[in-house]
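Asks: Right, I'll just put the structure down here and ask away after.
2 protein chains.
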Amino acid sequence: MREGAKSARTRERILLAAAQVLSRKGYAGTRLSDVATLAEVQAPAVYYYWTSREELLEEVVTVGQRATMEHVVASMEALPVGTPAMERIARAVAAHLEVVLGRSDFSQAAIRNAGQLPADIRERQLVGQREYADVWRRLVEEAVAAGEMSPDVDTRAARMLVLGALNWAPEWWDPERNPLEEVVAITQRIVRRGLRPS
Amino acid sequence: MREGAKSARTRERILLAAAQVLSRKGYAGTRLSDVATLAEVQAPAVYYYWTSREELLEEVVTVGQRATMEHVVASMEALPVGTPAMERIARAVAAHLEVVLGRSDFSQAAIRNAGQLPADIRERQLVGQREYADVWRRLVEEAVAAGEMSPDVDTRAARMLVLGALNWAPEWWDPERNPLEEVVAITQRIVRRGLRPS
DNA sequence: GCTATGTTCTAATCTGGATTAGAACTGTAG
DNA sequence: CTACAGTTCTAATCCAGATTAGAACATAGC
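The listed protein sequences correspond, in order, to chains A and B.
Residue numbers are given in the numbering used here: position 144 of the first sequence equals residue 885, and the series is strictly consecutive.
Residue numbers are given in the numbering used here: position 4 of the second sequence equals residue 745, and the series is strictly consecutive.
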C-alpha cells in the first residue's frame, strides 16, 4: 500500500537535491554524484526515476518555473476585484520575491540557468517563460492604461528592469540582515516610485 | 621584435574567446576545446600561456571585474566637481550598463559566474567585488546625506536592487529593439524616481 | 644556411563522471 | 514459505575533456 508513497518520497528527495545543486553550481556543474549524495542515495538510483541526467534537470527547471508563475498568479487572483493596478504590481513584486527568496531552490534553479540550458530544454523552457512574461506584461499595461504608471517609458524595458532586480535578489539577500518582509517592503516602495507617473 | 606582439595577440585572442564562452556557458560548462576553436587554435596552445584552465578562467573574471569598475570610476571622475549626488548615480548607472551591455563579454563572464566559481577563485574575486560595492555604497550614502535620496530605505538593499536590475539587463536587452542609449535613459529615469525622496 | 628560442601542433594519457548490467534486498500476495 | 514486482545497490563500461609529451614549425640573430 504505502510503498508507492515511499518511492514517491525518494523521488522527491532526489528532485529537491537536484534543485539545490543546480541552483548553486549551474547546469554543467551539476554532477549526479553530488545530487545523489545530498539525496542520500547512490547515483544510479536516479535512473530508476529518470532516464537521464538531462531529464532530471529539465524537470527541476520546469517545476521551478511553474511554481513561480503559479504563486504569482494565485496572489493576483487573491486580490479583491478592482484593486488598483499599481497595487497589483506591488503584490506581484512581493509574490515573486517570496518564491525566489523563500526556500525555493527550484525557482532559483530555473531562473539562474535559463541561459545555460542545452538548446532543446531551453526551447521548451522558453514557452513557460513567455507565459509568465505575459502575466507581467498585462500588469504593466493595465497600470499604464489606468494612468498609474508613467507612459513615457518603454514598458518592456521597465518590466524587465523590475524583474531583473527581483531575480538578482537571491544573490545578495541575507535573512540575518533583513527579514523577508522588510526586503519586500523596500522593493515595493522603490518599484512603485520608479514606475509611477512623473 | 614583433614576435612578442604576435604572441601577445594570440594570447588576447584566447582570452577573449574564453570570455565569450564563459559568459554563455558558465564556469563548469566552459570547455577548453570550445575556447580553442573560437580562438582558432588547438586546445593545448592554451597551456603555453596559462598553466591550467582554471587559471585562464580566473583571468577572464579578474579582467572583467576590473574593466567594469574602472569604467564606472572613470565616469565618476570625469564629472565636474560638485555634480549633485543623484546625477552621479545616474551616470554610474549609465556606465555600468555601458560595460555590461556593450561588447564586454568579460564583465558578463565575471558577473554571471560569481556564484559558480570554485572556492579559491571566488575568494580572490570577492576582494574586487567589495571594492566595487564600496564605490556604489559611497554614491548612495552621499545621495542620502544630500537629501537627494529617500532616507527611509535600507541603503544596501536599494543599492543591490539597482545593481540587480543592471546586471540582469544582458539577459533581455535586444539592440534591435532599443538602442543602448535608450535603455540607459529609461533605466536612469526609473532609478532616479525610485530612489528620490517621497 | 644554421642554430637557438619561441610558438603551436599531433598524438598520447589520465581522470571524472554519466550510464549500463545485473546482483541483492524489500516487501507483498498467494 | 515462495515467487514476484518494485527499489536500490555494487561493479563495470564508456566517453568527453583536461593535461602532458614531444615533434614540427617559425623566426631571428649570427
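Glycine included, C-beta positions come from ideal geometry on N, C-alpha and C.
1) With burial defined as no fewer than 16 other Cβ atoms inside 10 Å of the residue's Cβ, what is the status of ASP846 of chain A: buried or exposed?
2) Using the three-state DSSP reduction, which class does ASP895 of chain A fall into: helix, strand or coil?
3) At a Cβ threshold of 8 angstroms, is THR940 of chain B touching chain A?
4) Is LEU820 of chain B helix, strand or coil by DSSP?
5) Counting beta carbon pairs with one atom in the stretch 797-811 of chain B and one in the stretch 845-865 of chain B, are three or more of them shorter than 8 angstroms?
6) Give the straight-line distance between the Cα atoms of LEU838 of chain A and ALA758 of chain B, rounded to the nearest whole angstrom.
7) Within its chain, find whatever has a CB closer than 8 angstroms to the CB of VAL876 of chain B; leave out the 5 residues flanking it on each side and keep chain order.
8) Going along the chain, which unbroken runs of the alpha helix (DSSP H) with 4 or more residues stay wholly within the stretch 832-909 of chain B?
9) Can you list the residues of chain B that GLY869 of chain A reaches, using a CB-CB cut of under 9 angstroms?
10) Please report the Cβ distance between GLY888 of chain A and ILE931 of chain B, rounded to the nearest whole angstrom; I am assuming they are in contact, meaning their Cβ atoms lie under 8 angstroms.
11) Where GLN866 of chain B and LEU798 of chain B are concerned, what is the direct C-alpha to C-alpha distance, given to the nearest angstrom?
12) Which value, in whole angstroms, describes the spacing of the CA atoms of SER848 of chain B and GLY823 of chain A?
13) Out of B:ASN854, B:ARG918 and B:SER939, which has the shortest C-alpha to C-alpha gap to ARG765 of chain A?
14) Given this structure, state the Cα-to-Cα distance separating ARG918 of chain A from GLY770 of chain A, to the nearest angstrom.
15) Quick check on GLN932 of chain A - is its C-beta less than 8 angstroms from some C-beta in chain B?
16) Hey, which unbroken runs of the alpha helix (DSSP H) at 4 residues or more fall wholly within the stretch 751-815 of chain B?
17) Please list, in chain order, the chain B residues whose beta carbon lies closer than 8 angstroms to that of VAL802 of chain A.
18) VAL881 of chain B and ALA899 of chain B - do their beta-carbons sit closer together than 8 angstroms?
19) For the alpha helix (DSSP H) that contains ARG930 of chain A, what are its first and last residues?
Replies: Well, looking at it:
1) buried
2) coil
3) Outside the shown range of chain B (742 to 939) lies residue 940 of chain B, about which nothing can therefore be said.
4) coil
5) yes
6) 35 angstroms
7) MET810, VAL813, VAL814, MET817 and ALA833
8) 846-854 and 860-886
9) Neighbours of GLY869 of chain A on chain B: none; closest Cβ ~16 angstroms, over 9 angstroms.
10) Incorrect: roughly 17 angstroms between the Cβ atoms, too far for contact.
11) 12 angstroms
12) 44 angstroms
13) B:ASN854
14) 29 angstroms
15) Residue identity check: residue 932 of chain A is Val in the sequence provided, not Gln. By this cut-off, VAL932 of chain A is an interface position.
16) 773-780 and 787-790
17) Near VAL802 of chain A there are no residues of chain B at all, since even the closest Cβ is about 14 angstroms away, more than 8 angstroms.
18) yes
19) 921-936
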